[in-house]
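All remarks here apply to the structure that follows.
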Amino acid sequence: MERDNLEKLRECSISKLTDNASLDNIGTLIDASHDAGFARGADRAIYLLDELAKRKLDARHCAILEYFKANAWAVKEEIAGDRGSWAWEHPEREHQIFALLRAAAHPGFIELDVIRGCQILTNRANQLNVMGRFIDAIEGWDAALRIIPKFAMAQANRGYGLKHYAGLMADDRERAILLLHAHDGLIAATAADAVYDSIYPVALAQRFADEARTYAAAVDLNRIRELQDFDAPPLGRSKAERKYRQWCLDRRLFLNPLNDLGPHARAACDDLVLPPLSERFDERPGVVTPPPVVGFFKQMKQEYASARFMLYEGLHDTKLHFSDLGVRLFDTLDYPMHSLAIERVRAAYRVAYSLLDKVAFLVDHYWKLGKIANRINFKNVWMAEGKPRLLDRFKDYPNWPLRGLFWLSKELFDDQLKHTTGPDARELHDIRNALEHKFLQVHEGWARPFMWAAPTSDGLGLSIDSDLLETKALRVVKIARSALIQLALAIGVEERARARPDTFIGSMSLFGLDDRRKTT
34 MERDNLEKLR ECSISKLTDN ASLDNIGTLI DASHDAGFAR GADRAIYLLD
84 ELAKRKLDAR HCAILEYFKA NAWAVKEEIA GDRGSWAWEH PEREHQIFAL
134 LRAAAHPGFI ELDVIRGCQI LTNRANQLNV MGRFIDAIEG WDAALRIIPK
184 FAMAQANRGY GLKHYAGLMA DDRERAILLL HAHDGLIAAT AADAVYDSIY
234 PVALAQRFAD EARTYAAAVD LNRIRELQDF DAPPLGRSKA ERKYRQWCLD
284 RRLFLNPLND LGPHARAACD DLVLPPLSER FDERPGVVTP PPVVGFFKQM
334 KQEYASARFM LYEGLHDTKL HFSDLGVRLF DTLDYPMHSL AIERVRAAYR
384 VAYSLLDKVA FLVDHYWKLG KIANRINFKN VWMAEGKPRL LDRFKDYPNW
434 PLRGLFWLSK ELFDDQLKHT TGPDARELHD IRNALEHKFL QVHEGWARPF
484 MWAAPTSDGL GLSIDSDLLE TKALRVVKIA RSALIQLALA IGVEERARAR
534 PDTFIGSMSL FGLDDRRKTT
């Protein structure tokens, strides 16, 4: 489109247009600005979308508006030439993530046509992946593929995401299996029956095919396909153990990157470990024990596994436990929940959430940030001491999974982000504070529709129904899992960056702890 026509399109008013016509006009402006590299057009589109948001739009239009806003910010990012930036704080990307999260969480999302829904989920996953939230990105691409299994852009971007995830793996087998699935995703995106959401250049599909051929040339894909043998090992000896492990697999709760590919039996173990660690001989003179980081991470894994099982028990135990007998309580006429089962859910929430601050403590120790120990938490470990700004060291730090941990902290503590990630991610920190320091009143979930008003705790803490607590507890456990995986992989990135081929290195072997010793 010629610049004069672009200017005319940019100057168009939407004041007399219907909601549908307004969105069509703004969408055209965004597309034309992208094609022409016209930054002023993108700015105008954002302004018009903000004006349109002041109207009483129906739910469907609200979701589309947020999607268009993300597209306008994507145009600004592309024009700025920052697509490959290592910046941890990136305004254009942040605005895209905010808008796409709002679109996906909006009640109007379910009213969108399936193509538009897949576009939103795919673009949201793409942005999360760029910022280092690759585990959540995979779940996002999978959500799009559950709607349209052959949606090409979700398949292709998932393939690229898995390829980069594979590049972080120290284990050859895990890296090869992730690369196999990356290849298969790119091939699926080039299939004759692949569903594209727009008319793309032929060169795009060719690029996907070329990338897939590169992976196929790097490894023997047929051999990997034979070796992956996902469903070979039994899930457990007893029916109870098999049921528990299947529950974990279905929710992707094992500390195993292969669980991110789906509920495959081969992933039903917590085999995540730290990479080989290096220390200078003068760091702990005279000490011949493994680095303390090893023991710290080992304990974090055990706490996670125990919290996960406590959550499972709390969600599935329907019998009255003898420990609850004789505990005198009063019925406060608001359908209160008091039992060992609900305490297990509460305890799982607390333990899983506490792991995030322990991740922060280990980040401070490993990266030698020099923080004041009793002030370290997952929110501030990335920030300058006592100031709301990112540490200079991390502003452009080239560590993808570590940047993802920073963005994980933003989901919990950034006021704008934590209120746009959907109901399962809201108020997580507030609930944790109530559990730890105040009063979290839990009510029977089935009874909420029959209560006269939403329960309150009269300023002593929070009130929540059991269904919502269970949803949020599962969310916190999944966040803890992501944090532990990303921490281990971030340390792996760092160890590879620190490696010096001309340095003399001694070695110390580590031995697995026999399961028979895991008793009191």
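34 is the number of the first residue of the sequence shown in our numbering; add one for each residue after it.
Note that beta-carbon positions come from the ideal geometry of N, C-alpha and C, so glycine has one too.
Remember, predicted model here, so these are calculated numbers, not experimental data.
Could you tell me whether the region 97 to 105 touches the region 123 to 136, where touching means 3 or more Cβ pairs closer than 8 Å?
yes
Residue 494 (DSSP reduced to helix, strand or coil):
strand
Can you tell me where the alpha helix (DSSP H) with residue 216 in it begins and where it stops?
205 to 222
Under a three-way DSSP split, which group does residue 472 fall into?
strand
Near residue 147, what residues of its chain come up, given a Cβ to Cβ distance below 8 Å and the 5 sequence neighbours on each side ignored?
180, 181
Same chain, Cβ closer than 8 Å to residue 370, five either side skipped, listed in chain order:
475, 476, 477, 499
First through last residue of the alpha helix (DSSP H) which encompasses residue 202
Residue 202 -> no alpha helix (DSSP H), and no H or E assigned at all.
Proximal residues to residue 434 (C-beta, below 7 Å), its chain only, five neighbours per side dropped:
165, 201, 519, 522, 523, 526
Leaving out the 5 sequence neighbours to the left and right, which residues in its chain are closer than 8 Å to residue 242 when beta-carbon positions are compared?
219, 220, 223
C-beta contact flag for residue 39 and residue 71 at 7 Å
yes
Kindly indicate which residue of 163, 154, 196, 162 has the alpha-carbon position closest to the one of residue 176.
154
Is any beta-carbon of chain C found at less than 7 Å from that of residue 530?
In the displayed structure, chain C is absent; only one protein chain is listed.
For residue 124, name the three-state secondary structure that DSSP assigns.
helix
I need the straight-line Cα distance from residue 376 to residue 339, nearest angstrom please.
14 Å
Determine the direct distance from the alpha carbon of residue 66 to that of residue 419, and round the result to whole angstroms.
41 Å
So the alpha helix (DSSP H) residue 367 belongs to, where does it begin and stop?
From DSSP, residue 367 is part of no alpha helix (DSSP H); its letter is neither H nor E.
Less than 8 Å between the CB atoms is what I'm expecting for residue 517 and residue 288, so what's the real figure, rounded?
6 Å
Touch check for the region 283 to 302 and the region 248 to 268: three-plus C-beta pairs under 8 Å?
yes
Which residue spans inside the region 335 to 402 form an unbroken alpha helix (DSSP H) run of at least 4?
373 to 399
Nearest to residue 246 by CA position, among 479, 150, 216, 116, is which residue?
216
Quick test of the definition: if touching needs 3 or more C-beta pairs under 8 Å, does the region 111 to 121 touch the region 138 to 146?
no
Meets three-Cβ-pair contact criterion under 8 Å: the region 225 to 236 and the region 458 to 470
no
Only counting the same chain, and skipping five residues up and downstream in sequence, which positions put a Cβ closer than 7 Å to that of residue 442?
411, 412, 415
Near residue 381, which residues of its chain fall below 6 Å by C-beta distance, leaving aside the five closest residues on each side in sequence?
340, 343, 344, 506
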